[in-house]
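K.L.:
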Amino acid sequence: MATTEEYGLGVFQYPRGWFMIAAADEVGDTPIALRFFGQDFAL
Numbered sequence: 000m001a002t003t004e005e006y007g008l009g010v011f012q013y014p015r016g017w018f019m020i021a022a023a024d025e026v027g028d029t030p031i032a033l034r035f036f037g038q039d040f041a042l
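See the structure below:
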């Protein structure tokens, strides 16, 4: 797997762009606890 150095991101070594974290049928009325990119999220 490539490292951030190999991508040439420079000082910005974090994910950039759009990332799918859930499908539409997984999202409902109640919050969903998720962990992506080393961070906790509530969706």
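Per numbering that gives the first Met the number 0, residue 0 is the first one in the sequence shown, and the count goes up by one each step.
Just so you know, even glycine gets a beta-carbon here, dropped at the ideal spot from N, CA and C.
All values derive from a computational prediction rather than experimental measurement.
Residue range of the beta strand (DSSP E) that L42 falls in?
P.N.:
For the purposes of this step, residue 42 is taken as the residue at position 43 of the sequence shown. Premise fails: L42 is in no beta strand (DSSP E) and is neither H nor E.
K.L.:
Verify whether the separation of the beta carbon atoms of P30 and A41 is less than 9 Å.
P.N.:
Numbered from its first residue, the sequence shown carries residue 30 at position 31. Numbered from its first residue, the sequence shown carries residue 41 at position 42. Cβ atoms of P30 and A41: closer than 9 Å.
K.L.:
If you run the structure through DSSP and keep just helix, strand and coil, what is A32?
P.N.:
Counted from its first residue, the sequence shown places residue 32 at position 33. The answer is strand: DSSP assigns A32 an E or B state.
K.L.:
What would DSSP say about A23, mapped onto helix, strand or coil?
P.N.:
Within the sequence shown, the letter at position 24 stands for residue 23. A23: helix per DSSP, three-state reduction.
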